[in-house]
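Participant: So for the sequence shown, our numbering puts the first residue at 30; every next one is plus one.
Sharing a structure with you now.
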Amino acid sequence: MNLNSKRFKLILLYSALLLTVIVILPMGKTGADTSPPVIDISVSPAPYLFELSNLKPGDWATRTLIIQNQGNQDFTYLMKAKRESGSEKLYNQLLLQVNDSQKTLYDGKLSGYEGIDSRALKHSDEEKLEFTVKFPDESGNEYQGVATEVAFHFQTDGTIPANPPADPATPADPVKPTPADPGTPTNPAAPTDQGNSSGAGNSNAAASDNTLPKTGESNPLFIMVLGFLITASGVTLLLIKRPHVKKLFNRG
């Protein structure tokens, strides 16, 4: 009985050690889950913020531009306006006002807009800017039948960690917000289209898609459990058969 008790304790100790080894083994696969730094700015609506026609003196339109940081790095961004094509005279005549949620950022001639101060935007965050374009009341017949196209250019500046696995941010694609075609000022019955805006286009300044290799190996849990079961079965059979062996020797 004492011998059986010692064997039973030995089996318990062996089982505890084996289970401990199984528990501390890594489960599944291990891999590098550090994402490469990405700077990604997106603006909407796209591709036009304003698309207006048949403007009359005194007409104006307001649109909301949403700037989103869709990358995983904080960045600052700049925005500038540039006439792409069309009438320079109309470009010099139009008025522009830009507001954020707290104050007016610019109020003056569209041609005099040189951009806004650098603005910070955290990753996965967004902000809204309100743009208002106005065709001044004093505009005359000389603007009849002319059009102009203006693009807003966005540029990001982010902080990339040392030795990044990706390229730095590049200037964002231009936004084309204000093509305009003023109508005949002397015709009050002419329709005014405040514009079905679609908005500013997406612009991405993202790092290249390089990923770190995964390391590790499959979990040997199944093999360990199978070995434990085989060993436990052998020890159990040994304990069951050992008393019969003793009885045979006693009879002899």
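Note that the Cβ used here is the ideal one computed from N, Cα and C, for glycine as well.
Looking at the structure shown, is Glu159 part of a helix, part of a strand, or coil, going by DSSP?
Facilitator: Strand.
Participant: Quick one: measure Cβ to Cβ for Ser168 and Pro86, integer angstroms, because I've assumed they're closer than 8 Å.
Facilitator: Right, the Cβ-Cβ distance comes to about 4 Å (below 8 Å), so this counts as a contact.
Participant: If you follow the alpha helix (DSSP H) that Gln290 is in, where does it begin and where does it stop?
Facilitator: Examination of residue 290 is not possible in this model, given that the chain is present from 30 through 281 alone.
Participant: Within 10 Å of its beta-carbon, does Glu143 have 16 or more other beta-carbons around it, so buried, or fewer, so exposed?
Facilitator: Classification for Glu143: exposed.
Participant: Mapping the DSSP letters down to three states, classify Tyr106 as helix, strand or coil.
Facilitator: Correct three-state label for Tyr106: strand.
Participant: Quick one: what's Thr93 bridged to in DSSP?
Facilitator: Answer is Glu159, bridged to Thr93.
Participant: Return the chain-ordered list of same chain residues with a C-beta closer than 7 Å to the C-beta of Leu134, the five sequence neighbours on each side being excluded.
Facilitator: Correct list, in chain order: Val127, Asn128 and Ile145.
Participant: Pick helix, strand or coil for Phe79, following the three-state DSSP scheme.
Facilitator: If DSSP states are grouped into helix, strand and coil, Phe79 belongs with coil.
Participant: Compute the Euclidean distance between the alpha carbons of Pro165 and Gln122, then round it to the nearest angstrom.
Facilitator: Taking the straight line from one Cα to the other gives about 7 Å.
Participant: Kindly indicate which three-state DSSP category Val254 falls into: helix, strand or coil?
Facilitator: Note: Val254 maps to helix in three-state DSSP.
Participant: Could you pull out every residue in the same chain whose Cβ sits closer than 8 Å to the Cβ of Ser114, ignoring the five residues on either side in sequence?
Facilitator: For Ser114, where only same-chain residues beyond five positions count, the Cβ hits under 8 Å are Thr177 and Glu178.
Participant: Assuming contact is defined by CB atoms lying nearer than 7 Å, are Pro66 and Gln97 in contact in what I supplied?
Facilitator: No; because the gap between Cβ atoms is not below 7 Å, this pair is not in contact.
Participant: Cα-Cα, which of Gln184, Ala180 and Phe104 is closest to Lys111?
Facilitator: The candidate whose alpha carbon is nearest that of Lys111 is Ala180.
Participant: Between the C-alpha atoms of Asn170 and Tyr77, what's the straight-line distance to the nearest angstrom?
Facilitator: Going by the C-alpha atoms only, they are around 26 Å apart.
Participant: Taking the DSSP output, what are the residues bridged to Leu125?
Facilitator: According to DSSP, Leu125 bridges with Gly137 and Val162.
Participant: Which value, in whole angstroms, describes the spacing of the CA atoms of Thr10 and Ile252?
Facilitator: The structure shown does not extend to residue 10, since the chain spans only 30 to 281, so no value can be given for it.
Participant: Pick from Arg92, Val254, Gly141 and Gln173: whose alpha carbon is nearest that of Ala75?
Facilitator: When only C-alpha atoms are compared, the closest one is Arg92.
Participant: Please go through the same chain and pick out, in chain order, the residues whose beta-carbon is closer than 6 Å to the beta-carbon of Thr105, but skip the five residues on each side of it.
Facilitator: Excluding residues within five positions, the ones whose Cβ falls inside 6 Å are Ser147, Ala149 and Asp186.
Participant: Does Leu163 pass the burial test, meaning 16 or more other C-beta atoms within 10 Å, or should it be called exposed?
Facilitator: With the sequence shown as reference, residue 163 is identified as Lys, and Leu is not the correct amino acid for it. Its Cβ being crowded by 16 or more others within 10 Å, Lys163 is buried.
Participant: Suppose the cutoff is 6 Å on Cβ atoms and the five residues either side in sequence are ignored; what does the same chain contact list for Leu139 look like?
Facilitator: Excluding sequence neighbours, Leu139 sits near Leu123 and Leu125.
Participant: Here's the rule I'm using: 16 or more other beta-carbon atoms within 10 Å means buried, otherwise exposed. How should Gly4 be labelled?
Facilitator: A query on residue 4 cannot be resolved here, the shown segment of the chain reaching from 30 to 281 and no further.
Participant: Could you give the DSSP three-state label for Ile259: helix, strand or coil?
Facilitator: Note: Ile259 maps to helix in three-state DSSP.
Participant: So, are the CB atoms of Gln99 and Ser64 less than 7 Å apart?
Facilitator: No.
Participant: Is it buried or exposed, Glu80, if we count other Cβ atoms within 10 angstroms and call 16 or more buried?
Facilitator: Under this definition Glu80 is a buried residue.
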